Structure formats: structure tokens, C-alpha cells
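Participant:
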Amino acid sequence: MDAYIYIENGVFLKAKAFGKGGTAVGELVFNTSMTGYQEIISDPSYAGQFIVFTMPEIGIVGVNADDMESRKIHASGIFVRKYNDLPSNYRSQKSLSEFFAEQDKFGIYDVDTRFLTKTLRESGSLMAIASTEIGDPAILKAELEKSARIEEINYVAIVSTKEPYKHEKGLWDGYEYKAPAKCGKKVAVIDYGVKRNILNELCESGLEIEVFPHDVKAADLIAKFEKGEINGVFLSNGPGEPRMLKAEIAEIKKLIEAKVPIFAICLGHQLLSNAFGYETYKLKFGQHGANHPVQNQITGSIEITAQNHNYNVPESIAQIAEITHRNLFDGTIEGVRYKNAPIFSVQHHPEASAGPHESEYIFKEFLKIL
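FYI, the numbering for the sequence shown is 71 to 440, going by my numbering.
Below, the structure is given as C-alpha cells:
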């Protein structure tokens, strides 16, 4: 199919599309990962965004049910240089085009992703509209201008589970997801858009976990904590602007006051900062990829990490927290441990799937606190 793209900076492009046709609006972000496109596409944190892959060949390993990070595609779509519709991998169950068609989504290809990446690097994140139905740039511009921006939509309420559930699978061992031995500690996971591999890693650490919706009441979790039904709380990753989640932040404040042990990743890390009174801010174009160097400020070691965030915690948080990790690309904060509470968090993704895995030890740190 022919596809047409209009970006809010006035750029109009013609390309091709695969999957199911339609019209979609989203924020453009570029991802520098060389592998794991299915895990990226199915990550709920990308809700409301178009993912521009810098890896030029996409589609080459197809799609399979085991590598899904959530139940569906939450991203607005993807932009790729070259789409390959003939996957070659023994685990492939269908092509990326078939997968997108099943999900009522479409991907854009035959587009200069290097140009788009350079544009985002210079201009920062931009809103865009893509369509297989509308080819007039004036109409596309009008449609984009009347569409809500990503920071105006509560995507967490869209992607979060509606009902509590238990997760009991550990890590993939090459053939299946195994059920690891339990350590006797139980954790409540608040789902703001949690990736399945985060749940796998928590279980792999020996924890028993139950996942709760984003709007679970702190009072209910505190009651469970006081009765010994849970030993701590995990705040998950997720999409969108953290400061708009005022109800979630208010509930996290109550957990902090009750001195419940807390571990958080990505959006959860940002929500914690806001709950402590230190407002997050938006980065120019965010950090998205599986090749970002982070330095552990405690040990001095360097970890290659996976990243996916547009927002960051402020430097002023050092007043109440020890900075444990820093991004070596831009020097921003990647991890903190709060000084007077059993609480710590990281911005990067230690559960990275398909990788890297150098930060997996962070899950054991949570176990030590519990």
C-alpha cells in the first residue's frame, strides 16, 4: 500500500505500508536496538508513539507468541527502512505483516529512517500522522493539529490490567518459560504498562507476585503488607507523561509513608520521584535502544543497558536519594536509592529482552531489601 506521512515540523513524505491500512497519530521516537523488534513493538510503554527503527532490516525473524511483552501492539505504528516479508527463523510463526494485520495496525517502510532520526536528534520528539487513506498534506496537517498530543492522554489507564492476576513463569530457557523455586517473599506489582519479562525476572528471583491495576488503592496494599500477605511493592514501566498521573502519585505517597519496601523501573521510577516531591522533566528526544552505557556509581562498573523513556528525574533528587546509576551518553540519572526509606528505582530496563542482560542483578537487590 502507498502511505503518506505528515510531521508537525511541516515535513511531508510518501512511503509504503504493510499490515492493515488506516490512519494513525503518534509521537515519533527513534530506537537504536539491533535485535528484539517484536519485544519493542509489544512493549506497552510505546503506546501513543511511532517507533523509528535505526536498524535498517526489520521483519527478518518474523513473530512468535513466546516473545510478546504484552497481549498486543500498543504503539501507533513503526517506521522502517526496509521491510522483509520472508522471515527466516526456526521460531517464527508468522510474518510481521500478518501480525500487524491481525492487530489492526500498519507499519511504514521504504522511508529514510536516517533522515528521520537526524531530524528528531536536532528538533526533539515530534508528533506525526501516517495514513494509507489520506494523501493530501493539507488534510493530514489539519487532522494532526486537532489530535491530542501524547502528553494529554492517560495511556496508563488504557494499557493496565483491569483485574488482578498472578504470574508464575520465570525466564525463557531456550525451550519454554520455566517455573522457578519460591523464596517465600511475596510482592504486589502495580501495572502501569508492565512488560512480561519484568514479571518473569521477578519470579526468577524466587518472588511470588500478584499484578494489580494502575488504580489499586494504597490502603488495600498497606493492609496486605501489615498482615504479612505481601512483603513489598513493585512499580512498573509504562507510557506517557508521569506528572499527569496525579491519582497514582497520591497512592504512591501513602505507600512511602507506610514504609512499604518499593522497587520501581522506568515510569515507576519517575512516579516515585514525583511522589517524593521532585518533578520529572521531558528529555529532548528521549533514550530508546539496547546499547546505552550506564555507570554504576557504587561500584564504578559499566553496564550496557536497554532504555525506553522520554522523561527523567531531576538532579535535585540528590537531596533525599543517593544516585546509584548514570547514563554515560548524556549524564542523566539512571538509578537512585532513597536515604530514609527501603526504596530504590532505576530508569533503564534490567529485564531487557532480547538483551542486554548486564543489569539483571538489580532484581536480586530488591530481594535483599525484602
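Positions of the beta carbon are idealized from the N, C-alpha and C atoms, including for glycine.
Quick caveat, the model's predicted, so the values are computed rather than measured.
Leaving out five residues before and five after K239 in sequence, what residues of the same chain have Cβ atoms less than 8 Å from its Cβ?
Facilitator: If we look at K239 and ignore the five residues flanking it on each side, its Cβ neighbours are Y247, K248, A249, L269, N270 and C273.
Participant: Please return the same chain residues whose Cβ sits closer than 8 Å to the Cβ of V350, not counting the five positions on each side in sequence.
Facilitator: The amino acid at residue 350 is misidentified as Val; the sequence shows Thr. For T350, where only same-chain residues beyond five positions count, the Cβ hits under 8 Å are P312, R313, Q340, S343, N344, Y381, N382, V383 and P384.
Participant: Less than 8 Å between the CB atoms is what I'm expecting for L210 and S201, so what's the real figure, rounded?
Facilitator: About 6 Å separates the two Cβ atoms, so the contact holds.
Participant: Tell me which same chain residues have a C-beta within less than 6 Å of the C-beta of H419, skipping the five on either side of it?
Facilitator: Here the set comprises A376.
Participant: Write down the C-beta distance between F176 and F149 rounded to the nearest angstrom, noting that I regard them as a contact closer than 8 Å.
Facilitator: Between F149 and F176 the Cβ distance is about 11 Å, and since that is not below 8 Å, they are no contact.
Participant: Just to confirm the assignment, what range does the beta strand (DSSP E) spanning S201 have?
Facilitator: L196 to S201 is the extent of the beta strand (DSSP E) around S201.
Participant: Quick check: Y310 and E404, are their CB atoms within less than 8 Å of each other?
Facilitator: It is worth fixing the name first, because residue 310 is Gly in this sequence and not Tyr. The answer is no: Cβ separation not under 8 Å.
Participant: Pick helix, strand or coil for G338, following the three-state DSSP scheme.
Facilitator: G338 falls in the helix class under three-state DSSP.
Participant: Under 7 Å Cβ to Cβ from Q173, same chain only, skipping five residues before and after it: list those, please.
Facilitator: Correct list, in chain order: K142 and I143.
Participant: Tell whether a beta-carbon distance below 8 Å holds between F170 and S146.
Facilitator: It is not a contact, given that the beta carbons lie outside the stated cut-off.
Participant: Do three or more CB pairs link the segment 407 to 414 to the segment 317 to 334 at distances below 8 Å?
Facilitator: These segments touch.
Participant: From the DSSP output, in three-state form, read off Y262 for me.
Facilitator: The answer is coil: DSSP assigns Y262 none of H, G, I, E or B.
Participant: Who are R151's beta bridge partners in DSSP?
Facilitator: DSSP, once it has assigned bridges, lists no residue as partnering R151.
Participant: Could you give the residue range of the beta strand (DSSP E) that holds R184?
Facilitator: Per DSSP, R184 belongs to no beta strand (DSSP E); it is in the alpha helix (DSSP H), T183 to S193.
Participant: Output needed for S162: all residues of its chain with C-beta closer than 8 Å, excluding positions within five of it in sequence on either side, in chain order.
Facilitator: Correct list, in chain order: V131, G132, V133 and N134.
Participant: So is T105 buried or exposed if we call it buried at 16+ other beta carbons inside 10 Å?
Facilitator: It counts as exposed.
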